[in-house]
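The sequence shown begins at 61 in the working numbering and counts up one residue at a time. This report refers to the structure that appears directly beneath it.
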Amino acid sequence: MNNTKYNWLKWIGILPISLFAGAVSFYLISLINSINLFFWDGDKLSMFYLLQYLIPLIANCFGAYFYIIAGTSLAPYYKKKTGLILFILLLIVTLFGFIMSIIRKEYSEMILSIGIIITSFYAYKSIDEID
């Protein structure tokens with residue numbers, strides 16, 4: 061099978077596959093938070109209270125990282141430019157969410173947005189290591 065024949069399929073699949081990879085990693089880690097809340101007894105000094113805020117941050121960061129990495133791994137060529145496009149798309153959506161969290165004064169959502177931006181930038185910068 062000739063790979064150059066199927067390169068157009070890879071280009072079509074970049075955005076859906078990267079969104080799927082980001083969503084799967086996000087929801088797998090968010091499942092840990094659901095299990096964590098099952099054991100939490102409501103004590104604000106317990107470790108489970110802190111994890112209630114930390115696990116969503118980790119889940120968002122993993123989702124952003126795998127969104128960029130999956131998309132650039134699937135690209136047949138121009139991996140750096142593909143990663144830049146995926147980063148810009150994620151940046152636009154995240155900045156919109158950041159502005160909305162400022163308007164609603166939800167500080168935990170602001171931290172999640174900052175984490176997504178930092179992680180996606182790190183994933184974009186690490187694309188050279190994938191090639």
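C-beta: ideal position from N, C-alpha, C; glycine also.
Item: Option in S168, I177, K185 with minimal Cα separation from L110; Value: S168
Item: L75 versus I187 - alpha carbon distance; Value: 16 Å
Item: Selected residue, minimal CA-CA separation from S90, among R164, F108, I118; Value: I118
Item: C-alpha distance - M61 paired with L69, whole-angstrom precision; Value: Below a pLDDT of 50, predicted positions are generally treated as unreliable, and M61, at 45, falls in that range; no measurement from the model is reported.
Item: Touch test, the region 155 to 169 against the region 125 to 144, Cβ-Cβ under 8 Å, three pairs minimum; Value: no
Item: Reduced DSSP secondary structure (H/G/I, E/B, other) of Y87; Value: helix
Item: Member of F108, I92, I145 whose CA lies at the smallest distance from the CA of S78; Value: I145
Item: Limits of the unbroken alpha helix (DSSP H) element including K185; Value: 167 to 185
Item: Member of I162, G175, Y87, L150 whose CA lies at the smallest distance from the CA of G197; Value: An answer regarding residue 197 cannot be provided, because it is not within the stretch 61 to 191 covered by the chain.
Item: Inter-residue spacing [alpha-carbon to alpha-carbon] between R19 and I95; Value: Given that the chain is displayed from residue 61 to residue 191, the structure contains no residue 19 and the question cannot be resolved.
Item: 8 Å contact criterion, which I162 and M170 should meet: CB distance rounded; Value: 7 Å
Item: For Y137, the three-state DSSP class (helix, strand or coil); Value: coil
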